[in-house]
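Read through the structure below, which is laid out as structure tokens, and then see the notes.
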């Protein structure tokens, strides 16, 4: 008996289940050529029902065959393949339906017995995409769709994904245009056939398609083209002003100046401007999925907070897709990932997303500094969980633990803080490199040495913690292992990089322009660093700082504030109450709140006034931060 069967039989016996619950064999992926080509045909025309209809031809031979639905998704770093939305599965061989059985202990695996004389099976199913955001991402609307190949394909177990060749065809709604890293082989009306590609690269090559579509060249005349493919709810949202286009073109050039190499033969930003299709930010090697609201271009001055999205996802082509943590690089989409190096993969990408937004002009420098002030405050006072019980390294497990589900007390529980906490660590590293070398070397040197190698290659190049340490030591010898581990495993504030770069974090009663814009967009009030509460629209309590003034008074997320100091709630009313309490130490901030069907009055004994984070220059220290953010 094989070890996997033996272990399952013992487990089943212990439960008194006999052989019924024994785990059937799911062949481990073998790095050998797959005999034949997986053919996947997708009908994406059923906009009314938001259904993708799939027909596959899978080369096979007589005997057991296991078909896998992708479970462990790159970019998600977690076992979140939407298997719940697969329906209508029918398998045929030699023109006849053959039975399939789902593995009870591996629900992403479907077992069939291929009859004698058959050399392939025909597979049909539907992907029933979300009708409402409560069911997941909305990926199909009357104006656009987002086709992700992991949702509309099954693949044969027992093979490394890169060894399976796939040929795909998609039928789009009439007249729609599309953007993708996939290369077209032919088009017949609204049906497009793409050139054959390895299955792992197929899953890494999604499609945005839409009724209203625009393709913009971000590197005119280049041998390696970069395009911005935009779909929108309405044609008016596709209009781009010349200075806006220039900023996005600058982004490509600034990234090339940073790394000195690229790892794709062409690159396609897929960009949706929609209030119907769900937003997204998901990296791929030769493309990225990016989704924001309709007003990205048309209300430019109001949308600064979202303008690091493209720079973040583009950076992932180097950091995450090309250089990838060794424990994240798996042979197929059903082998578990480990996320221990996400503080590099996502943390340094978060760092460069901000820096490149500034260097390209997507942010003005003062906007970038204001955005950094918000992050600094988070890792100064806004993460009590970091001080009390968790560390950044442990949060790299959160894609598997929480899977981005909403959390009741995120500031205390923490979740995926390897993004912005990692960003703060890398800012600290930049300051240390400059200190060690008398400002002759910086994190730019690390980026070029670690990610900017082997120009044009795009096979995954893995690394370990020791590789990160070695590259830092090659730039400036130091005990980098201990330096990084102290910050990854420790429990103190993570804002040392600001002082090293000539700035300090302060709080006063005036929000920055960026903070005001973010509050306006959210329709609430962010009083995290004063009352210890973040308010949404119409008095909804979004977050309460653990052990902060509001928490101690009994306020919790999910409550609704009805009135402030006896007057109807508004964001201005609660801010005025905080200001009044600072002037009169005997005056608490009094809130009438609704909790389920109960109403009660809470009195918050807080008298230190409004507090918003700002970054200020340290007199007499070199302004390295402005230098970091300056265009190259």
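Numbering (our numbering), first residue to last: 1 to 632. Yeah, the Cβ is synthetic: ideal placement off N, Cα and C, and Gly gets one too.
Delimiting residues of the beta strand (DSSP E) encompassing residue i
i, result
"residue 633", "Any question about residue 633 goes unanswered here, given that the chain covers just 1 to 632."
"residue 627", "Residue 627 -> not in any beta strand (DSSP E); alpha helix (DSSP H) instead, spanning 624–629."
"residue 312", "Counting along the chain, residue 312 falls outside any beta strand (DSSP E), though it belongs to the alpha helix (DSSP H) covering 309–315."
"residue 75", "Residue 75 -> no beta strand (DSSP E), and no H or E assigned at all."
"residue 288", "287–292"
"residue 351", "First-last for residue 351: 347–360, but that is the alpha helix (DSSP H), not the beta strand (DSSP E)."
"residue 103", "100–103"
For residue i, three-class secondary structure by DSSP
i, result
"residue 469", "helix"
"residue 527", "strand"
"residue 614", "strand"
"residue 636", "Residue coverage of the chain in this structure runs from 1 to 632, which leaves residue 636 outside it and unanswerable."
"residue 516", "helix"
"residue 108", "strand"
"residue 280", "strand"
"residue 183", "coil"
"residue 65", "strand"
"residue 48", "coil"
"residue 32", "coil"
"residue 437", "helix"
"residue 150", "helix"
"residue 338", "coil"
"residue 521", "helix"
"residue 134", "helix"
"residue 568", "strand"
"residue 209", "strand"
"residue 558", "coil"
"residue 369", "helix"
"residue 245", "helix"
"residue 464", "coil"
"residue 229", "strand"
"residue 22", "Bear in mind that a pLDDT of 44 at residue 22, under 50, signals an unreliable position, so the model cannot answer this."
"residue 503", "strand"
"residue 235", "helix"
Minimum Cβ-Cβ distance from residue i to chain C less than 8 Å
i, result
"residue 179", "Within the model displayed, chain C is absent; a lone protein chain is all it includes."
Straight-line Cα distance separating residue j from residue i
i, j, result
"residue 490", "residue 362", "34 Å"
"residue 449", "residue 512", "36 Å"
"residue 280", "residue 587", "45 Å"
"residue 170", "residue 125", "15 Å"
"residue 463", "residue 532", "40 Å"
"residue 19", "residue 86", "Below a pLDDT of 50, predicted positions are generally treated as unreliable, and residue 19, at 40, falls in that range; the measurement from the model is reported next regardless. So the alpha carbons of these two residues sit roughly 28 Å apart."
"residue 233", "residue 143", "6 Å"
"residue 403", "residue 409", "15 Å"
"residue 606", "residue 591", "13 Å"
"residue 346", "residue 318", "11 Å"
"residue 444", "residue 173", "45 Å"
"residue 129", "residue 623", "50 Å"
"residue 333", "residue 151", "12 Å"
"residue 469", "residue 348", "14 Å"
"residue 22", "residue 89", "Confidence in residue 22 is poor, its pLDDT being 44 and thus under 50, which makes the residue's placement too unreliable to answer from."
"residue 81", "residue 616", "45 Å"
"residue 100", "residue 274", "39 Å"
"residue 107", "residue 336", "14 Å"
"residue 584", "residue 608", "10 Å"
Proximity to residue i [Cα-Cα], best of the options
i, options, result
"residue 297", "321, 313, 155, 246", "246"
"residue 103", "67, 116, 81", "67"
"residue 83", "94, 95, 70", "70"
"residue 268", "613, 156, 573, 310", "310"
"residue 119", "38, 185, 140, 577", "38"
"residue 568", "446, 593, 479, 548", "593"
"residue 239", "249, 212, 219", "212"
"residue 564", "96, 572, 356", "572"
"residue 50", "41, 492, 137", "137"
Span of the alpha helix (DSSP H), counted from its first residue to its last, around residue i
i, result
"residue 272", "Not the alpha helix (DSSP H): residue 272 falls in the beta strand (DSSP E), residues 267–273."
"residue 140", "That residue, residue 140, is in no alpha helix (DSSP H); it is neither H nor E in DSSP."
"residue 534", "Taken as a continuous stretch (DSSP letters only), residue 534 belongs to no alpha helix (DSSP H), being part of the beta strand (DSSP E) at 533–535."
"residue 483", "480–489"
"residue 203", "199–203"
"residue 325", "No alpha helix (DSSP H) holds residue 325; the beta strand (DSSP E) holding it covers 323–325."
Presumed contact (8 Å Cβ cut-off) between residue i and residue j, rounded CB distance
i, j, result
"residue 544", "residue 555", "5 Å"
"residue 341", "residue 501", "That belief does not hold up - the Cβ atoms of residue 341 and residue 501 are roughly 25 Å apart, past 8 Å."
"residue 351", "residue 427", "6 Å"
"residue 483", "residue 560", "Actually they are not in contact, since the Cβ atoms of residue 483 and residue 560 sit about 46 Å apart, beyond 8 Å."
"residue 208", "residue 272", "6 Å"
"residue 54", "residue 121", "14 Å between Cβ atoms; not a contact."
"residue 452", "residue 259", "4 Å"
Proximity test, residue i beta-carbon vs the ligand GTP heavy atom, cut-off 7 Å
i, result
"residue 90", "Summarising the ligand content, the structure contains no ligands, and the ligand GTP is consequently not present."
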